[in-house]
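Enquirer: What follows is a single structure, and I will ask about it in a moment.
There are 6 protein chains.
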Amino acid sequence: MNKGIRFFEIGEQIEQYFLIKSSTKGIASNGKPFLTLILQDKTGEIEAKLWDATEEDELRYTDQTIIKIQGDVQSFRGKQQLRVRKIRPLMEQEQIPIDYFIERAPLEIEEMQSKINEYIFEMTNPNIQRITRYLLKKFETKFYEYPAATKNHHEFYSGLAFHVVSMLDIAKSLVSLYPQLNKDLLYAGIILHDLGKVIELSGPVSASYTLEGTLLGHITIIVEEIGKAAEQLEIEGEEVVVLQHMVLAHHGKAEWGSPKPPMIREAEVLHFIDNLDAKITMINRALDKTKPGEFSERVFALDNRSFYKPSFQD
Amino acid sequence: MNKGIRFFEIGEQIEQYFLIKSSTKGIASNGKPFLTLILQDKTGEIEAKLWDATEEDELRYTDQTIIKIQGDVQSFRGKQQLRVRKIRPLMEQEQIPIDYFIERAPLEIEEMQSKINEYIFEMTNPNIQRITRYLLKKFETKFYEYPAATKNHHEFYSGLAFHVVSMLDIAKSLVSLYPQLNKDLLYAGIILHDLGKVIELSGPVSASYTLEGTLLGHITIIVEEIGKAAEQLEIEGEEVVVLQHMVLAHHGKAEWGSPKPPMIREAEVLHFIDNLDAKITMINRALDKTKPGEFSERVFALDNRSFYKPSFQD
Amino acid sequence: MNKGIRFFEIGEQIEQYFLIKSSTKGIASNGKPFLTLILQDKTGEIEAKLWDATEEDELRYTDQTIIKIQGDVQSFRGKQQLRVRKIRPLMEQEQIPIDYFIERAPLEIEEMQSKINEYIFEMTNPNIQRITRYLLKKFETKFYEYPAATKNHHEFYSGLAFHVVSMLDIAKSLVSLYPQLNKDLLYAGIILHDLGKVIELSGPVSASYTLEGTLLGHITIIVEEIGKAAEQLEIEGEEVVVLQHMVLAHHGKAEWGSPKPPMIREAEVLHFIDNLDAKITMINRALDKTKPGEFSERVFALDNRSFYKPSFQD
Amino acid sequence: MNKGIRFFEIGEQIEQYFLIKSSTKGIASNGKPFLTLILQDKTGEIEAKLWDATEEDELRYTDQTIIKIQGDVQSFRGKQQLRVRKIRPLMEQEQIPIDYFIERAPLEIEEMQSKINEYIFEMTNPNIQRITRYLLKKFETKFYEYPAATKNHHEFYSGLAFHVVSMLDIAKSLVSLYPQLNKDLLYAGIILHDLGKVIELSGPVSASYTLEGTLLGHITIIVEEIGKAAEQLEIEGEEVVVLQHMVLAHHGKAEWGSPKPPMIREAEVLHFIDNLDAKITMINRALDKTKPGEFSERVFALDNRSFYKPSFQD
Amino acid sequence: MNKGIRFFEIGEQIEQYFLIKSSTKGIASNGKPFLTLILQDKTGEIEAKLWDATEEDELRYTDQTIIKIQGDVQSFRGKQQLRVRKIRPLMEQEQIPIDYFIERAPLEIEEMQSKINEYIFEMTNPNIQRITRYLLKKFETKFYEYPAATKNHHEFYSGLAFHVVSMLDIAKSLVSLYPQLNKDLLYAGIILHDLGKVIELSGPVSASYTLEGTLLGHITIIVEEIGKAAEQLEIEGEEVVVLQHMVLAHHGKAEWGSPKPPMIREAEVLHFIDNLDAKITMINRALDKTKPGEFSERVFALDNRSFYKPSFQD
Amino acid sequence: MNKGIRFFEIGEQIEQYFLIKSSTKGIASNGKPFLTLILQDKTGEIEAKLWDATEEDELRYTDQTIIKIQGDVQSFRGKQQLRVRKIRPLMEQEQIPIDYFIERAPLEIEEMQSKINEYIFEMTNPNIQRITRYLLKKFETKFYEYPAATKNHHEFYSGLAFHVVSMLDIAKSLVSLYPQLNKDLLYAGIILHDLGKVIELSGPVSASYTLEGTLLGHITIIVEEIGKAAEQLEIEGEEVVVLQHMVLAHHGKAEWGSPKPPMIREAEVLHFIDNLDAKITMINRALDKTKPGEFSERVFALDNRSFYKPSFQD
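Here you go:
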């Protein structure tokens, strides 16, 4: 039915559904108010101007609403812009799956829940297991809906949980190759390491930073939560401070946001796995858009490198 | 009565009291055990060897005991060493003030308590005031006895409280010069900023790092304590996260141990005052041992600089 | 009478006085000359185009002239622009206080002079006092009119003197808290530290860098001036080189422009005070424009940080 | 039979076999020549002095010879030293397994050969497979005997091949988790990445750097070898330059010795796996010598960090 | 006849020859195709739009074609643009020397050849001489046509050879001042150091990077070529690895692209000469466009510095 | 007659002249005073102990005295030490050329004077010429005797002038290769660039830093001297500030001690020549002590690199 925004061409007439990512009011040279709408679907974003906007329009076309637009794709200063002919809100009887508008993890929440629960089930140290289970339960809904970041990688719906599941799978294979690794610590560290993001970020979609997120950061937030959980569960063993350290150190270095570098073997491995999953994910995404025999666009978070897709790669 | 260790000269015979800073057992070439004692008084340290040490000696001459030695000051590989003729523990009736052996803050604990309480009393925001008072009370004894560090500056008995008092005095004068500063935040930040040291360090004298101190650090420790205090006191205002940020950011930069840089005006000022008091204290100490017209020894924590005492300085 | 530029709104008609910050000639597509005027008052700047400019216009509407304009506020590429209907130079009988057009220090020159003279009066070392007084006298007029910088902080009329006065006040309170500090050195260092700016910069308003300023910098300039002053006054004591060092080292580190780091206690303190006054001033300015509960704009010179104004701040 | 050097105690008499790690001639104060022998077995090293050494001794007791010594363990300047009573070379009939003297990989060469051949067998791209097989064959003996480094990790007999096998195992599990990865490239890159070490280093035991190793380094050496192999095998596809890049980039950054950063996905992953195996190996070794509840010695190659072994770790 | 592009003025009508640097197709708002042509001559570049471009136009006006245009110089968004009235390809009988369109080295190829051959002739070590001669011969045509870089310095036709000649002349005078320098090594190193650019870059004009250039870089490329040349010439002496090192190390530091720093005296000197010629060339170019008493534009490759041309400089 | 210290062997008896580099009094275990003498000749240094030193000895054997010693070369803690049998001061009739004891430049002072005067004579700008001549005359004696540094390179008698002469010779050849260079500026900059060392350092032999040298540095010192010279000579042209900049910028970067980077072409070239002469000199010295086919000792000031002397180097 609908053609994705990324595939729009100048001159084309379209009629389809969009999610309003942001709606901002402005005043035109003629003194009349207008709305600048950033419209999104899963494939991209496009700007649209709604001229001579009424007060009703302002109330109706707010952030995160779904609308239907009929219009023309035009060019403005080298970028595409949508000229709106008709616009209306979604009607009650219309059912557009949210997947149409936003990117989400390739696994269903239930699958991820079942995998993570299995990993927790495998733990043998009761203190570590109880703290992990307690905190996961405390923030469960958000954990399975939030992204892992606002940009770069896993910045989509359920991205946080999906990142954790991928990391757990890597951890499992490393545990079998290096049997000295403490499985409980490593699994718990992975599950908790970014859990503070459910407080640091504002929501599952188009997330921004909360005040607590900006002033304290997700690492500090979850370290405090582990402390409170231990108090609540009346756990006093060394596991508490060790788990807090796992999370505290997972950025690897002070200048990357970890006030203490990893001083536990599993903390070092956690830092590695986190990095590895993030980097492969970013490179895969860049190469998905690249033809064999060509270089990808530059990836800012990877030192602005461009990656080559060999021509013999099928 | 006693001559300070710093003033010992080779060839001299001495007879006086020392605090054993550390006692380590070794085995001599002849196969017999001996003790290497590091003796200290307020002016310095000297090594002594106790040859043919009995098991009783080992039990008697342990760390932090006070002893009396009669012996000769000798030279060994360019350093002074004490040749022990007689040694015995302190006898019950002997009263040696602890000040003789260790350095301590120039203010009495009572004076510092009264000054700090006055600063708390001046606060007008009840949330900030209550959290500060609660945490100070929780760790009060240790707060007034612990050093502020294990080396470099304020590493003496009551050093932590003394550092806080000096900083509060600077803060007071800045508040009067820059009236926009929020006095409550600044005073509370100063009082709490290093309070985590009472958990990070092992004790008031010859302090080393605890496990929690090594793996988490005093900043993370006290941030968590502020969170728990707020929960306990049922305080939910923005003051909690702002206070936590004040403490979190007081090292100024990620690479110096603050995962977030100051993003509150008073946090920036707190960072400054902390630095200023530490630096003036270190330079003063180096110059105290320097004659006019000469350069001091190098101060490692100040980029290994040496400071000149002008010859016109009286 | 006049509405500040910062408060102009699109569509508005205005008629008021401006200072021409810069006037640049251009050639329009129709081949005729026009002037691009950057107009300023104390609250901000706005661009105006004067089309079909005559040669007389060019001569009349030059930098730093005051003019009266009647026109309309319009929008051009997202920024405000003034469409000129009528323009004329200031007439002789019109008296517009310069404060209307430019920012200036909050203290009057006389007040600052009296404060600084008092600080000089307090000095007891005659060599330091004489050099300070001699150089201040030599550059007196400029010292009280120049800014302390071309941007970031104290970049306004009398900014240099005001920065010095604020620093002296901080110094005074530090001297009382740390009595070991040599008051004479510290006060003299503060008064002289940026005095080279009267040669480095081009003038009191809209300052740019002179050739000497660019090739040598204000630090080198004033160090040489201290040397010449001593020669002139026939002063030969160690005070000369120590004062030169105070100034030379006040940027704190080689990479910040001081070829020698502070190696005198008072030089370290001077560096601190300079930094502190600059930083508080920048943060205050950013927060003045910020509502409680919001973050300020980013401050480039403070590592591009944004500062939060707590919502409980009144 | 033999007690390892690490377990020697002062005062003990020993009689056992050693490998001479190095033998250096000196002249004693009495004008007579002596030999300083560094003796090693798998557990450690000890110094021995052979006084009044004859010319025959000099020729007999050279580097890498096995000898038998009867002597006493003594203390000299705080370190153990062996006082030699009797010394003689290994006699023909004596059979001391080389494992007694040197550390070696935990897998037999045949096992490693079979694993690596299997990985090569799995490759489907003939160009990649042929180059890999050709170069492995060219340097086969050395590849299975050389260490991977002179210190830090895998610096033992067969260390290079063992490091490669461990990396291939990690690669295999990553390939199954991230199916986009090109298995052929990744396996070939791992097998070749450090192969230049067989030219960079001097031999399988107590390796030092060759001239080529010092002036060019193992990365440049093997990149050239790949080029020559392709020429020899008359392979001209893009695989050649891509394989060369895999090796060239495996240190990850210019400052770590790779003139080009990874610009192929598999090159980035190779860099990660290399790092991961090296780091886990180093941490494991440090923790093997550490008791639960204690910190390990500092590991220089890991930013001089010390690692904690949790007390709940069995 | 022709006026250089740099000297065009708005409003002017011109009729002259250009080289098309790049030709890009676009679609106008009216849905019709157009070509954006970047036109160049030796003095600069200008953009031209060819509206309503036919398919024939597309095929005719491609990169690196010479054309004749009649049109008007206009202003568009502050930059000059050429409005095309008439356009046609170069006719067969028209002879425009290539120097008119592109910058080239100030020496003729023959002169450079003769100078370089003389330097090779002066070498006395046959191994060094043969390798140098062999490689120069192998890539001779390209060596004398390619630029030394794509931007910053010597980025013109024959720039590579000209850079080498200038460096050889400096080397000659240093050899006479420091007679310990090995002339053969230094000359050979200079001739070979950038020779890999003939593979790294795509051609003599408007060069971009080849795949080999991007993934391996000119240093690695030529090091391999030296190895192959030695094999071909059956040279086995130490000269091979030393020459490879000369080239490998010529960027001076790992972070500048040399995996090994100079460890041969002549390698250090080669690095210096390379830098010196590059820097003087860049500064000269910047100052050529600067009037006495003014500062040049900023030179990005020289830390973005601006250079002053003294007013007493004639 | 005399054998150089570097060639002493343990057990040897010697009788020869030495220069006392330093003489330090100590107190032996038996309570009697002794002198530790560091003796030097051009080839090296050796320590000698003079036991039971009388007060007369102390006065007689002070720094920089020449003495004659008869004694034995012994070994103490792995280093050679001289056991003194007889010692006496130099007698009046004994004539030992100073070259025997200290290293000095390979050119005579007169030769250097004549070369430098010739370079000054070649200058055509009278302002530059007069300032250079004036300052050279002002510090002439010291300029021809002082070293250029206290260690690393040119740290010998007349080292400063010799360094300047070598640099002038390089400059001369660069001026002929790059005719745009302003000869006057370059020559004057070279002659003046390190002239401040005659105030920064304490003397021509065994130099240490003066107070002015430590607090201001030779760059600041000479910049001020240029300013005073111009005042004295009543020169006011732009040459003054340009010459000051040449000297100010000759360390190239702020972190290397130049508060301004080179912003004049000749300043950049001066920085280069300074570096080049220093580096070649250091490498030559290291290689002089190295056999062909071996690596030199590490050179600290060259990033601690070791240099290889090729085996084909004669």
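Residue numbers (UniProt numbering), protein chains in the order written: chain A, 1 to 314; chain B, 1 to 314; chain C, 1 to 314; chain D, 1 to 314; chain E, 1 to 314; chain F, 1 to 314.
Think of the CB as a built atom: it goes at the ideal place given N, C-alpha and C, for glycine as much as any other residue.
For clarity, every value in this text was computed on a predicted model and none was experimentally measured.
#1: Rounded to whole angstroms, how far is the Cβ of residue 88(B) from the Cβ of residue 67(B), which I believe are closer than 8 Å?
#2: To which residues of the same chain is residue 183(F) closer than 6 Å at the C-beta, ignoring the five residues directly before and after it?
#3: Express the C-alpha separation of residue 145(A) and residue 162(A) in angstroms, rounding to a whole number.
#4: Look at the alpha carbon of residue 119(A) and the alpha carbon of residue 188(A), and state the distance between them as a whole number of angstroms.
#5: Starting from residue 68(F), trace the beta strand (DSSP E) both ways and give me its first and last residue.
#6: Flag residue 167(F) as yes if its beta-carbon sits less than 8 Å from any beta-carbon of chain E, otherwise no.
#7: Can you give me the Cβ contacts of residue 282(B) inside the same chain, cut-off strictly under 7 Å, excluding the 5 residues immediately before and after it?
#8: So which residues on chain C does residue 307(B) lean against when the C-beta distance must stay under 7 Å?
#9: Assign residue 59(A) to buried or exposed, taking buried as 16 or more other Cβ atoms, counted over all protein chains shown, within 10 Å of its Cβ.
#10: From residue 157(A) to residue 19(A), what distance separates their C-alpha atoms?
#11: Between which two residues does the beta strand (DSSP E) holding residue 214(D) run?
#12: Can you have a look at residue 220(E) and say buried or exposed, based on whether 16 or more other CB atoms are within 10 angstroms of its CB?
#13: Compare the C-alpha of residue 269(D) against each of 284(A), 261(A), 266(A) and name the closest.
#14: Could you check whether the Cβ of residue 71(A) sits closer than 8 Å to any Cβ belonging to chain E?
#15: Mind checking if residue 294(D) is an interface residue toward chain A, Cβ cutoff 8 Å exclusive?
#16: Is DSSP giving residue 14(F) helix, strand or coil here?
#17: Which residues, taken in chain order from the region 2 to 20 of chain A, show a beta carbon closer than 7 Å to some beta carbon of chain E?
#18: If you follow the alpha helix (DSSP H) that residue 159(D) is part of, which residue opens it and which one closes it?
#19: Counting contacts by CB-CB distance shorter than 8 Å, is residue 244(B) in contact with chain A?
#20: Consult DSSP for residue 220(A) and reduce its assignment to one of helix, strand or coil.
#21: Using a Cβ-Cβ cut-off of 8 Å, state whether residue 299(B) counts as contacting chain C.
#22: Under 8 Å, with one C-beta from each stretch per pair, do the region 164 to 172 of chain B and the region 101 to 115 of chain B reach the 3-pair mark?
#23: Between residue 228(F) and chain C, is the shortest Cβ-Cβ distance under 8 Å, so that the two count as touching?
#24: How is residue 93(A) classed by DSSP in three states: helix, strand or coil?
#25: Taking Cβ positions, are residue 147(B) and residue 207(B) nearer each other than 8 Å?
#26: Give me the Cα-Cα distance between residue 122(E) and residue 116(F), rounded to the nearest whole angstrom.
#27: Residues in the same chain with beta-carbon distance under 6 Å from residue 214(F), minus the five sequence neighbours each way, listed in chain order, please.
#28: Of all the options 240(C), 228(C), 263(C), which has the alpha carbon lying nearest to the alpha carbon of residue 362(C)?
#29: So, with DSSP's three-state summary, where would you put residue 296(A)?
#30: Residue 215(F) versus chain B: which residues are under 9 Å apart at the beta carbon?
#31: Answer yes or no: do residue 177(C) and residue 169(B) have a C-beta to C-beta separation smaller than 8 Å?
Expert: So, from the listed chains and residues:
#1: 7 Å
#2: 175
#3: 10 Å
#4: 9 Å
#5: 66 to 76
#6: no
#7: 152, 153, 299, 301, 302
#8: 263, 264, 265
#9: exposed
#10: 15 Å
#11: From DSSP, residue 214(D) is part of no beta strand (DSSP E) but of the alpha helix (DSSP H) over 211 to 215.
#12: buried
#13: 284(A)
#14: no
#15: no
#16: strand
#17: 10, 11
#18: 159 to 177
#19: yes
#20: helix
#21: no
#22: yes
#23: yes
#24: coil
#25: yes
#26: 32 Å
#27: none
#28: Residue 362(C) lies beyond the range of chain C shown here (1 to 314); nothing can be said about it.
#29: coil
#30: 308
#31: yes
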